[in-house]
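Only one structure is covered here, and it is reproduced in the block below.
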Amino acid sequence: MSNFLARRLLLGFLVLFGVILITFVLTRVVPSDPASQWVGARATAEQKAKAAEELGLNKPLPVQFLVYLNDLAHGNLGYSLDTHQPVTSELVARLPATIELVLISFFAATLIGLPLGVISARRKDKWQDHTSRIFSVGFVSMPTFWVALFLQLIFYSRLGWLPAGGEVSTDIQVFYTTPKVTHFLLIDSLIAGQWVVFKDAVYHIILPAIALAAYPIGLVARMTRSAMLEILNEDYITAARSYGLPERTVHWVYGLKNSLGPTVTVVTLSIGYTLVNTFLVEAIFSWPGIGNYIATAVTTLNYPAIMGVTIFSAVSYIILNMIADIIIALDPRVRV
Amino acid sequence: MISRVSVEALRPRWREFRLRFHLLNRNLLVRIALIIIAVEIVIAVVAPYIAPHRDSIYGIADPALKLLPPSWTYPFGTDELGRDIFSRVLYGTRISLGAGTVTVALSLLIGVPLGAIAGYRAGVIDDVIMRITDVFLSFPSLLMAIVIAAFLGPSLRNAIIACAISWWPWYTRIIRGSAISLRERQFVRAAHAIGTPGPKIVAGHILPNCIGPVIVQASLDFGSVVLILSALSFLGLGAQAPTPEWGLMINTSRNYFLTAWWYIIFPGLGIVITVLVFNLLGDGLREVLDPRTRKY
Chain D
13 MSNFLARRLL LGFLVLFGVI LITFVLTRVV PSDPASQWVG ARATAEQKAK
63 AAEELGLNKP LPVQFLVYLN DLAHGNLGYS LDTHQPVTSE LVARLPATIE
113 LVLISFFAAT LIGLPLGVIS ARRKDKWQDH TSRIFSVGFV SMPTFWVALF
163 LQLIFYSRLG WLPAGGEVST DIQVFYTTPK VTHFLLIDSL IAGQWVVFKD
213 AVYHIILPAI ALAAYPIGLV ARMTRSAMLE ILNEDYITAA RSYGLPERTV
263 HWVYGLKNSL GPTVTVVTLS IGYTLVNTFL VEAIFSWPGI GNYIATAVTT
313 LNYPAIMGVT IFSAVSYIIL NMIADIIIAL DPRVRV
Chain W
473 MISRVSVEAL RPRWREFRLR FHLLNRNLLV RIALIIIAVE IVIAVVAPYI
523 APHRDSIYGI ADPALKLLPP SWTYPFGTDE LGRDIFSRVL YGTRISLGAG
573 TVTVALSLLI GVPLGAIAGY RAGVIDDVIM RITDVFLSFP SLLMAIVIAA
623 FLGPSLRNAI IACAISWWPW YTRIIRGSAI SLRERQFVRA AHAIGTPGPK
673 IVAGHILPNC IGPVIVQASL DFGSVVLILS ALSFLGLGAQ APTPEWGLMI
723 NTSRNYFLTA WWYIIFPGLG IVITVLVFNL LGDGLREVLD PRTRKY
């Protein structure tokens, strides 16, 4: 097992290096000029030259790469071209909101998707199966940004039940200050006992969470269903039935436990897609997370910010993949 | 000139193909999906002839007609420049299906040969190709597509390139797995023993036998590619105005959709239906091609 871990870590580092190399190459073959963007449109030629020197653009490429690596090792992701603030601190400030949203979405997705898949496999080819399959394949086919806009249209514009965006209403924000213990607004407001803030935050997180959870719900339901169908043909299921175990136990305990492996694999594969969906949903709902940050960075072509978020996303993607690989390898039937 | 020998060799393959197609058709959902795909292809081809307001695509817009709700003259309403949304959605079929086909074809063109080579010739070449594949696979594909499109400049062509670059590793992995297992089979070793050159073995023996999973994956991927291309256009990194691409239309509708609901619903439905039918097709293909879930 430790051998496996060591190999995975080494592979992870190699891949990380490859990703950094690719992002660096992309930053330097950029057609636009970062120096001019840094000093603004009305700078003189000497100011631009000075900026180029400051940003280190005059040195040869390999030297620039080493400087870049050194910066990364110290956690310096460069300075945003818009605000001239370090990208790292801007990312860290926005991270908790994104994590909050992603966690709640995945929680909802698992809570809804797993039972849906199990029921679908249990009642195969009956109406529950067909409805569930149509829903799950439908959810997987809908572009998340469209679902987000659609939800805004129905629940904000037509029904007026839920707010259009932001993490918390502006009037609540003005009157209440929530002490930042965990930096997660939902938890912090609970800890501080501010029920009004909590209720408001819940209202604001419902729509983005549903929009983000749509795709994973469909994915989890489909994978669970197909994995369960395969497992239900196995011998140990027949054995469990012949022992007289109730069908419920057979399905929900034996079937579900063994189908988690492929489901985890598929969910891991979808993390990359969900990552970018998070960006889109945050942009649409003005959710103050890193997704919004990169959405504005992409439109203004703020390269250090784009690179910063890319590296951060790639790193988290690699780490999550490693965790998922380890979880899958915990299954004793998987030969490591 | 086709010799008698190769025609004899083709006939069982053709028969098998017809059997598979027949099995595929038995599932009602797949049949509906195939019909809708055929309809979409037809729409894509004849769109210039059946679109009611052809100048809504690249022609001059009439601002007096802006944001009209659906009516008989404008079945899907008009957008903020007075263009007919129905015609634009029809033309969008051409763009999405065309771009999707090119992207998947490019990915296959890069990924399949690499996978076959890696699988057949184990050793250093295999390791190198697989490490490169791993690096590309470890990068979330949509993110890589965004970064590439952001740096190459926003255009549909660059979005296609970005998508293809992020997608080929999947096929390489699939083909490599199949190639490795096929490499040890008797007929491949026999071909090698009589001196058949490597490329001919790969093309003639290995590739035809591992196409199955690739076809399933490509069909499912077609739907995902359409989703990703529309997401890129939504971000402003794919098709540019005035191209009638569905994702781009949804993006421009963001300022108006709260009152002009038709502007966002119909292009979105276009995307959903297209991706849905290809997902259904891929599911059906997987059921047919996977020996464990076949019902015969």
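As you go down the protein sequences, you meet chains D and W in turn. Sequential numbering from 13 applies to the first sequence in the working numbering. Sequential numbering from 473 applies to the second sequence in the working numbering. Where is the CB? At the ideal position from N, CA and C, for every residue including glycine.
Chain D within 8 Å of residue i, Cβ atoms only
i        : result
Gly708/W : yes
Ile647/W : no
Tyr768/W : Low confidence applies to Tyr768/W: its pLDDT is 47, below 50, so where it sits in the model is not reliable, and the reading given next is rough at best. Cβ-Cβ to chain D under 8 Å: no for Tyr768/W.
Leu699/W : yes
Ser579/W : no
Phe611/W : yes
Leu757/W : no
Asp606/W : yes
Ala703/W : yes
Gly695/W : yes
Ile618/W : yes
Trp544/W : no
Phe729/W : yes
Phe738/W : no
Leu748/W : yes
Integer Cβ distance of residue i from residue j, believed to fall under 8 Å
i        : j        : result
Pro108/D : Phe196/D : 5 Å
Ala588/W : Ile637/W : With 8 Å as the limit, Ala588/W and Ile637/W do not qualify as a contact, their Cβ atoms being about 19 Å apart.
Phe623/W : Leu38/D  : 5 Å
Thr190/D : Ser201/D : 5 Å
Thr261/D : Leu126/D : That belief does not hold up - the Cβ atoms of Thr261/D and Leu126/D are roughly 16 Å apart, past 8 Å.
Straight-line gap, residue i to residue j (C-alpha atoms, nearest Å)
i        : j        : result
Ile515/W : Asp755/W : 24 Å
Leu569/W : Val747/W : 10 Å
Val31/D  : Trp173/D : 44 Å
Ala426/D : Phe167/D : Examination of residue 426/D is not possible in this model, given that chain D is present from 13 through 348 alone.
Gln689/W : Glu179/D : 39 Å
Ile131/D : Ile318/D : 43 Å
Ala590/W : Met602/W : 8 Å
Thr286/D : His525/W : 38 Å
Phe151/D : Ile229/D : 7 Å
Arg487/W : Leu496/W : 14 Å
Lys767/W : Leu501/W : Annotation note: pLDDT 49 at Lys767/W (below 50); position unreliable, no value reported.
Ile243/D : Ser144/D : 19 Å
Gly583/W : Asp606/W : 13 Å
Phe558/W : Ile283/D : 35 Å
Leu23/D  : Leu580/W : 26 Å
Arg655/W : Ile567/W : 40 Å
Lys62/D  : Pro72/D  : 17 Å
Trp158/D : Thr644/W : 32 Å
Residue from the options with nearest C-alpha to residue i
i        : options                                   : result
Phe83/D  : Pro274/D, Ile323/D and Asp212/D           : Inspection of the sequence shows that residue 83/D is occupied by Asp rather than by Phe. If we check each option's Cα against that of Asp83/D, Ile323/D comes out closest.
Arg135/D : Thr275/D, Met240/D and Ala225/D           : Met240/D
Leu562/W : Leu501/W, Pro685/W, Ala519/W and Ala662/W : Ala519/W
Ala133/D : Leu73/D, Leu93/D, Leu103/D and Val232/D   : Val232/D
Leu128/D : Phe29/D, Ser238/D and Leu165/D            : Ser238/D
Ile146/D : Arg234/D, Asn270/D, Ile217/D and Ile218/D : Arg234/D
Ile34/D  : Val619/W, Leu699/W and Trp642/W           : Val619/W
Leu752/W : Gly256/D, His142/D and Asn270/D           : His142/D
Phe29/D  : Ile338/D, Ile124/D, Ile339/D and Ala326/D : Ala326/D
Gly554/W : Gly564/W, Trp544/W and Leu539/W           : Leu539/W
Leu163/D : Pro74/D, Thr236/D and Ala225/D            : Ala225/D
Val349/D : Ser328/D, Asn304/D, Ala341/D and Val262/D : With chain D represented from 13 up to 348, any question about residue 349/D goes unanswered, as that position is not in the structure.
Ala523/W : Phe659/W, Ile508/W and Thr565/W           : Thr565/W
Val293/D : Ser254/D, Ile222/D and Asp337/D           : Ile222/D
Ile111/D : Pro300/D, Ala307/D and Thr312/D           : Pro300/D
Cys635/W : Asp556/W, Ile687/W, Ile597/W and Met616/W : Met616/W
His735/W : Tyr248/D, Leu165/D, Arg20/D and Ala18/D   : Looking at the sequence provided, one finds Tyr at residue 735/W rather than His. Checking every option, the nearest Cα to that of Tyr735/W belongs to Leu165/D.
Tyr266/D : Arg170/D, Ser328/D and Ala252/D           : Ala252/D
C-beta neighbour in chain W for residue i, strict 8 Å
i        : result
Tyr305/D : no
Ser30/D  : This sequence places Gly at residue 30/D; Ser is not what is there. Closer than 8 Å: yes.
Pro228/D : no
Tyr329/D : yes
Met235/D : no
Ile243/D : no
Ser325/D : yes
Residue i Cβ short of 7 Å to the ligand HEM heavy atom set
i        : result
Arg237/D : Annotation note on the ligand HEM: not contained in the displayed structure, which lists no ligands.
Segments assigned alpha helix (DSSP H), at least 4 residues, entirely inside the segment 133-186 of chain D:
Within the segment 133-186 of chain D, the complete alpha helix (DSSP H) runs of at least 4 residues are 139-153 and 156-163.
Along the chain, which unbroken stretches of the alpha helix (DSSP H) at least 4 residues long are found entirely within the segment 656-697 of chain W?
Every alpha helix (DSSP H) of 4 residues or more that sits fully in the segment 656-697 of chain W is shown, in chain order, as 658-665 and 670-673.
With a floor of 4 residues, list each alpha helix (DSSP H) that falls wholly inside the segment 201-254 of chain D, ordered by position along the chain.
Every alpha helix (DSSP H) stretch that sits fully inside the segment 201-254 of chain D and reaches 4 residues is listed by chain position as 207-243 and 247-254.
In chain order, each alpha helix (DSSP H) run of at least 4 residues that lies wholly inside the segment 62-115 of chain D
Listed in chain order, the complete alpha helix (DSSP H) runs (minimum 4 residues) inside the segment 62-115 of chain D are 73-85.
Beta strand (DSSP E) segments (min. 3 residues) lying fully within the segment 284-332 of chain D
Here no run is fully enclosed.
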